[in-house]
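Number of protein chains: 2
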Amino acid sequence: MSLVDLSNELAIGIDIGGTNTKFGLVNHRGQILTQGDIPTDKTPDIEDYIEDLFNALQPEIVKAGNKPIRGIGVGAPNGNYYTGTIDYAPNLPWRGVVPLAKLIGDRFNLPCTLTNDANAAAVGEMMYGAARGMKDFIMITLGTGVGSGIVANGQLIYGHDGFAGELGHTVIRPGGRPHWSTEINGSLEAYCSATGIAITARELRERYPDSTLNNYKSEEINSKVVFECADKGDEAARETFRFTGQLLGEALANFIMFSSPEAIILFGGVINAGDYIMKPTREHMEKNLLPIFQNKVKLVFSELKEADAAILGASALVWEAK
Amino acid sequence: MSLVDLSNELAIGIDIGGTNTKFGLVNHRGQILTQGDIPTDKTPDIEDYIEDLFNALQPEIVKAGNKPIRGIGVGAPNGNYYTGTIDYAPNLPWRGVVPLAKLIGDRFNLPCTLTNDANAAAVGEMMYGAARGMKDFIMITLGTGVGSGIVANGQLIYGHDGFAGELGHTVIRPGGRPHWSTEINGSLEAYCSATGIAITARELRERYPDSTLNNYKSEEINSKVVFECADKGDEAARETFRFTGQLLGEALANFIMFSSPEAIILFGGVINAGDYIMKPTREHMEKNLLPIFQNKVKLVFSELKEADAAILGASALVWEAK
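Protein chains in written order, with the numbering used here: chain A, 745 to 1066; chain B, 745 to 1066.
1) What is the rounded straight-line gap between the Cα of A:Ser746 and the Cα of A:Pro812?
2) Going by beta-carbon coordinates alone, are B:Ile847 and B:Ile790 separated by less than 9 Å?
3) With a threshold of 6 Å on Cβ separation, who are the neighbours of A:Ile882 within its own chain once the five nearest residues in sequence on each side are excluded?
4) Does the contact criterion of 3 or more C-beta pairs under 8 Å hold for the region 989 to 999 of chain A versus the region 1016 to 1025 of chain A?
5) Check whether the Cβ atoms of A:Ala866 and A:Trp1063 lie closer than 9 Å to each other.
6) Considering only their Cβ atoms, is the gap separating B:Asn863 from B:Leu1079 smaller than 9 Å?
7) Please report the straight-line C-alpha distance between B:Pro788 and B:Ile941, rounded to a whole angstrom.
8) Span of the beta strand (DSSP E) holding B:Arg851?
9) Quick one: what does DSSP say B:Gln802 is sitting in, helix, strand or coil?
10) In angstroms with no decimal places, state the Cα-to-Cα distance between B:Glu964 and B:Thr939.
11) Determine, using beta carbons only, whether A:Asp759 and A:Asp861 come nearer to each other than 9 Å.
12) Tell me which same chain residues have a C-beta within less than 6 Å of the C-beta of A:Glu1047, skipping the five on either side of it?
13) What is the rounded straight-line gap between the Cα of A:Arg773 and the Cα of A:Met878?
14) At a threshold of 8 Å, does A:Ser931 count as lining the ligand MG (C-beta to nearest heavy atom)?
15) Go ahead and pull the three-state DSSP assignment for A:Asp1019.
16) B:Ser1004 touches chain A at which residues, Cβ-Cβ below 9 Å?
17) Thinking C-alpha only, which one of A:Gly906, A:Leu932, A:Leu854 is nearest A:Tyr826?
18) So what's B:Gln990 in DSSP terms, helix, strand or just coil?
19) Based on the DSSP output, what are the partners of A:Pro1035 in its beta bridges?
20) Would a check of beta-carbon distances place B:Ile1008 closer than 9 Å to chain A?
21) I want to verify the contact list: residues of chain A whose CB lies under 9 Å from the CB of B:Ile928, in sequence order.
22) Can you give me the Cβ contacts of B:Pro922 inside the same chain, cut-off strictly under 8 Å, excluding the 5 residues immediately before and after it?
23) Note down, one range per segment and in chain order, each alpha helix (DSSP H) of at least 4 residues found wholly within the region 883 to 934 of chain B.
24) In whole angstroms, give me the CA-to-CA distance for A:Met870 and A:Arg876.
25) Hey, does A:Arg876 have any beta-carbon neighbour from chain B nearer than 9 Å?
26) Please identify the residue among A:Ala1054, A:Val915, A:Glu983 whose C-alpha is closest to the C-alpha of A:Tyr952.
27) Chain B partners of A:Met1001, CB-CB under 7 Å?
28) When burial is assigned at 16 or more other CB atoms within 10 Å of the CB, is B:Asp954 buried or exposed?
29) Can you find a C-beta in chain A that's less than 9 Å from the C-beta of B:Lys1040?
30) Starting from B:Ile1055, follow the alpha helix (DSSP H) in both directions and report where the run begins and ends.
31) Taking Cβ positions, are B:Gly823 and B:Asp1052 nearer each other than 9 Å?
32) Specify, as a first and last residue, the run of the beta strand (DSSP E) that A:Val1041 falls within.
33) Output, in chain order, the set of chain A residues within a Cβ distance shorter than 8 Å of B:Phe987.
34) What do you get for A:Asn1032, buried or exposed, if any count of 16 or more other CB atoms within 10 angstroms of its CB means buried?
35) Using only alpha-carbon positions, find the residue among A:Ile830, A:Gly809, A:Gly817, A:Asn835 that is nearest to A:Ser852.
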């Protein structure tokens, strides 16, 4: 009789971004033993990309001590959990529907699970981060775009076709700001992403002639610059975050009345603005809730290091997979 | 060895409304064998109410042939599945938190499951109606108010505290129409309930001096009257449904991007307006979806008879309970 030490097993986490693909070998406790990356945008042929990935990962597997590997988890934009395909991802070099989970699974001879990056982040948070022990929570990623992963009854909600949790594209201001890449006007992403914050700051600074934001060229304005100006007391910059927080808070209230989560977990560059955005977010969230939901839902930041989160989230899919 | 014929078992379904409580004995196939009702509003003492219910139900149990009864399911406003309590229901005669499931369970000596009326409707639809075989759908009840029940991964979403699925109170027009009983402005219920439709019609008829809606006293205007006027070609009445359908469609698009359901099932008096409301609903729903969700989600009517649906939904909780 031989006993397999499960705690010895590793999971491979792969996070596919438009420019780079990061990967790492992760143990059960969420420690990244070894990691690396390859470019995504240099290989328009998907077969070449898979080969690059295999060649980069093999030495890492050896480096990690040739321990048994349970499987591979992949987070990618437009990744579909049910079909294992990446469907029409505008920022990736491969067109149409790419059977990524099958291609990776076959090349590595390991089970491969794929989902979108925000869903992977939610699973990572549930496994290793701020959502440990929670059965109902919503993960919101506030970066260049706004992504989301929704967990209810302890399970990620994939929905009928695997695309659930596109909260960034829900409308929060009907007939509002056009979006740069969708046909939907007034979406959460159009306002509360880093991209949206920069647009708001460019609009608002015109009403504040003395604002230090006026010292920047239009293309230099980003959420980091707005934060720095806000921190130095600039009113237009502070008003940018106040406005963004109000809209985010209103949106979160709607989400809470949908799935009644224990917590909302926020992740991404935008939360670096701290109280400038979180105070109005919390205020307008509570204000737009029915009394039965008020002062109950935790609004917390991710507990995963931003640099590690994508790999950890993707690797967590392996442990979560049945 | 004795074999129990499970198909012989019955479930008791109880639907508690502000004025009346309806009950029925239902078999596995969703047939109501016998039913009755008692007033809700005549018994401010909950103990008296439970006694009335017991006395009214006992003869029905006998009438149904004294078959084995698996349990009791109750749908009630503000009914909480986890705690079995009705919490601060504004339209019921009992104040505060009422431990209804325990009171009924003890008096009948049967397991008792409680949830809110819209959740019960969703379970009824899954068991006996339009959602048979579906694992992901959203039920929207459009009556005096707007209720909802959300099913994902084959399970009703109760959320962390049992209050999930309050979609009627999500905001669809920030800063919009005040609500008659909440502090939330611009909610779905404020516009798309029968109550909201009457308000819209009263507002719109002022802009249409020739509208037949102007022949009615303000308090006579309800969604049925608006439908009759629309059906006779009245422009203000038709515009009322067009506007309502637009807002409903926009809200449904947001819900779809949350949980990616196979279908949205509509129930309640408002859907009697048929195409006058459904055409704009469908149009604005599709228009506000990302392409990956478009032309996929079924928008269907409940398949349960309106008179039976509440009892069937409540009884279905019994078969669903683990």
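For every residue, glycine included, the Cβ atom is placed at its ideal position computed from N, Cα and C.
Considering the structure as presented:
1) Annotation note: pLDDT 45 at A:Ser746 (below 50); position unreliable, no value reported.
2) It is worth fixing the name first, because residue 847 of chain B is Leu in this sequence and not Ile. A contact, by the Cβ cut-off of 9 Å.
3) Ile894, Phe999, Pro1005, Ile1008
4) yes
5) no
6) As displayed, chain B neither begins before 745 nor continues past 1066, which places residue 1079 of chain B out of reach and without an answer.
7) 32 Å
8) Unbroken run through B:Arg851 is the alpha helix (DSSP H), 844 to 852; no beta strand (DSSP E).
9) helix
10) 12 Å
11) yes
12) Gly873, Ala874
13) 17 Å
14) Of ligands this structure carries none, so the ligand MG is not represented either.
15) helix
16) Ile901, Tyr902, Gly903, His904, Asp905, Gly906, Phe907, Ala908, Gly909, Glu910
17) A:Gly906
18) helix
19) The partner list for A:Pro1035 (beta bridge, DSSP) is empty, contrary to what the question assumes.
20) no
21) Ala997, Lys1031, Asn1032, Leu1033, Leu1034
22) Asn929, Ala934
23) none
24) 5 Å
25) no
26) A:Glu983
27) Glu910, Leu911, His913, Thr914
28) exposed
29) yes
30) 1050 to 1064
31) no
32) It is not in any beta strand (DSSP E) - A:Val1041 carries neither H nor E in the DSSP assignment.
33) Those do not exist, as B:Phe987 stays about 12 Å from chain A at its closest Cβ, beyond 8 Å.
34) buried
35) The sequence shown places Phe at residue 852 of chain A, not Ser. Checked all of A:Ile830, A:Gly809, A:Gly817, A:Asn835; the closest Cα to A:Phe852 is A:Gly817.
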